[in-house]
Amino acid sequence: MADVAPLYETYMRAPLRFTRGEGVWLIAEDGERYLDFAAGVAVNSLGHAHPHLVAALKDQADKVWHLSNLYEVPGQESLGRRLTEATFADKVFFTNSGAEALECAIKTARRYHFAKGHPGKFHIITFEGAFHGRTIATIAAGGQEKYIEGFGPKAPGFLKVPFGDITAVKDAITEETAGILIEPVQGEGGLRPVSKEFMQELRQLCDEYGLLLILDEVQTGVGRTGRLFAHEWAGVTPDIMAIAKGIGGGFPLGACLATNEAAAGMVAGTHGSTYGGNPLAMAVGNAVLDVVLEDGFLEHVRDVALVFRQGLAALKDRFPDIIEDIRGEGLMLGIKAKIPVADLLKGVRAENLLAVPAGDNVLRLLPPLTVTAEEAREGLARIERAAEKLTAAKAA
Numbered sequence: 028m029a030d031v032a033p034l035y036e037t038y039m040r041a042p043l044r045f046t047r048g049e050g051v052w053l054i055a056e057d058g059e060r061y062l063d064f065a066a067g068v069a070v071n072s073l074g075h076a077h078p079h080l081v082a083a084l085k086d087q088a089d090k091v092w093h094l095s096n097l098y099e100v101p102g103q104e105s106l107g108r109r110l111t112e113a114t115f116a117d118k119v120f121f122t123n124s125g126a127e128a129l130e131c132a133i134k135t136a137r138r139y140h141f142a143k144g145h146p147g148k149f150h151i152i153t154f155e156g157a158f159h160g161r162t163i164a165t166i167a168a169g170g171q172e173k174y175i176e177g178f179g180p181k182a183p184g185f186l187k188v189p190f191g192d193i194t195a196v197k198d199a200i201t202e203e204t205a206g207i208l209i210e211p212v213q214g215e216g217g218l219r220p221v222s223k224e225f226m227q228e229l230r231q232l233c234d235e236y237g238l239l240l241i242l243d244e245v246q247t248g249v250g251r252t253g254r255l256f257a258h259e260w261a262g263v264t265p266d267i268m269a270i271a272k273g274i275g276g277g278f279p280l281g282a283c284l285a286t287n288e289a290a291a292g293m294v295a296g297t298h299g300s301t302y303g304g305n306p307l308a309m310a311v312g313n314a315v316l317d318v319v320l321e322d323g324f325l326e327h328v329r330d331v332a333l334v335f336r337q338g339l340a341a342l343k344d345r346f347p348d349i350i351e352d353i354r355g356e357g358l359m360l361g362i363k364a365k366i367p368v369a370d371l372l373k374g375v376r377a378e379n380l381l382a383v384p385a386g387d388n389v390l391r392l393l394p395p396l397t398v399t400a401e402e403a404r405e406g407l408a409r410i411e412r413a414a415e416k417l418t419a420a421k422a423a
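Counting from 28, one number per residue, gives the positions in the sequence shown under this note's numbering.
Structure representation (structure tokens):
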């Protein structure tokens, strides 16, 4: 039995072991340095070992780690206030992950209608290609059979419609509809941005039919697209929003944000979390906002994103047999590959560049938001070398 691996075999892990990180770099056991444009799947928003985050975590670790929500947690008050002051929201519920934030968002939407005297309004419209997490409810919301298969009946109350089809959304609305749930840019679905017009139409439909607009900004939020939250590009505001990943900068932290109206049904006892909003997470979340909300930070993200986008467009023109299209927003970019995406991933990894595969044969590039223009150009050079070798191999 000694040879049997102790871990669940649910991951297809790369044979790489990292022991240290510095900014946009990861250092493996053998001393090899890798340019990290995966950032833990858009989690390490400020890179590795950011001094301000490290200091905040160490300082809090010397005080108190965990309290539960039986007591008031000062860090929750301060982080909650900063999030509401910077967004559409009036209320915040803290979680430990994106899936938990989505669970809270779904419950908030359903409970809103229940409290209004409409317990039958619990259906939520979602979109093809969506990914909202791995819990029983969120795999049902995402609606992808590969995640649902084998886990019993699909949780009821979710209706999937074609991505970007406003007519299909209208046709799906019934007396049972509670809200519409969408990612401003589909991450797992292949870096597909929702158009400004479509987002505005969804807001109008929600207003017209008394529905709640629920946004999944787990991957797009906290500066990833060049705005604090991606929906700001469309000039709309949601009723409920789930966030995670970047807000913790690598520490497990998520949150569900809502307006006073949308959160009205979430009274004492309706929801809870043992670990959510723990002092360690709050210290790190506040430290992340210290940096992200600094003057010029989001402008930096947009500037480096432009360098990246232009460089990728040039590579697309140069390697049409390898790169079909460039997608995404800000520093949430994707290369739609002409070859199998696994081959492109293997190619860039051979150049010591880390990236993340997505659906629709897309390779995600999700560098820390602190990445410099020089580091972006270094990444582009590595992608270029990989494309050259893949082109030569294809010709051979």
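By construction, the Cβ of each residue, glycine as well, lies at the ideal position given by its N, Cα and C atoms. Everything numeric in this text was worked out from a predicted model, so none of it was measured.
### Query
Count the other CB atoms within 10 Å of the CB of His159; is the residue buried (16 or more) or exposed (fewer)?
buried
### Query
Does the pairing of the segment 66-75 with the segment 271-284 give three or more beta-carbon distances under 8 Å?
yes
### Task
Inspect the CB distances between the segment 389-409 and the segment 323-333 and report whether three or more fall short of 8 Å.
yes
### Query
What is the DSSP secondary structure of Thr46, counted as helix, strand or coil?
strand
### Query
Leu390: which of Val375, Gln337 and Glu401 sits nearest, CA to CA?
Val375
### Message
For a quick check, are the C-beta atoms of Lys365 and Asp348 less than 8 Å apart?
### Response
yes
### Three-state class that DSSP yields for Gln171 in the structure shown
coil
### Task
Grab me the residues of Phe346's own chain with a C-beta within less than 7 Å of its C-beta, minus the 5 sequence neighbours each way, in chain order.
Ala414 and Thr418
### Task
Express the C-alpha separation of Leu372 and Arg137 in angstroms, rounding to a whole number.
40 Å
### Reduced DSSP secondary structure (H/G/I, E/B, other) of Met309
helix
### Task
Could you pull out every residue in the same chain whose Cβ sits closer than 7 Å to the Cβ of Gly125, ignoring the five residues on either side in sequence?
Gly160, Val245, Ala269, Ala271, Lys272 and Gly281
### Message
By the DSSP assignment, the alpha helix (DSSP H) with His140 in it spans what residues?
### Response
Gly125 to Ala142
### Among Lys173, Thr201 and Ala168, nearest to Leu208 - alpha-carbon criterion
Ala168
### Query
So Gly304 and Gln103 are in contact, right, with Cβ under 8 Å, and what is the actual spacing, rounded?
4 Å
### Query
Would Arg44 pass as a contact of Glu56 if the rule is Cβ separation under 8 Å?
yes
### Query
Across which residues does DSSP place Gln231 in a beta bridge pair?
Per DSSP, none; premise fails for Gln231.
### Integer-rounded CB distance, given that Leu342 should sit under 8 Å from Glu411
6 Å
### Query
What do you reckon, are the CB atoms on Ala22 and Gly277 nearer than 8 Å?
With the chain covering only 28 through 423, there is no way to say anything about residue 22.
### Query
Can you tell me whether DSSP reads Met293 as helix, strand or coil?
coil
### Message
Starting from Phe383, trace the beta strand (DSSP E) in both directions and tell me its first and last residue.
### Response
Looking at the sequence provided, one finds Val at residue 383 rather than Phe. Its beta strand (DSSP E) spans residues Val383 to Ala385.
### Those residues which DSSP pairs with Phe335 across a bridge
Partner(s): none; Phe335 has no beta bridge.
### Query
Taking the C-alpha atoms as reference points, what is the distance between Pro33 and Pro42?
17 Å
### Beta-bridge partners of Tyr61, as assigned by DSSP
Leu53
### Message
Could you tell me the alpha carbon to alpha carbon distance between Pro180 and Gln171, rounded to whole angstroms?
### Response
13 Å
### Query
So is Val383 buried or exposed if we call it buried at 16+ other beta carbons inside 10 Å?
buried
### Message
Just to confirm, is the Cβ distance from Thr162 to Leu284 under 8 Å?
### Response
no
### Query
In or out: Ala88 buried (at least 16 other Cβ within 10 Å) or exposed?
exposed
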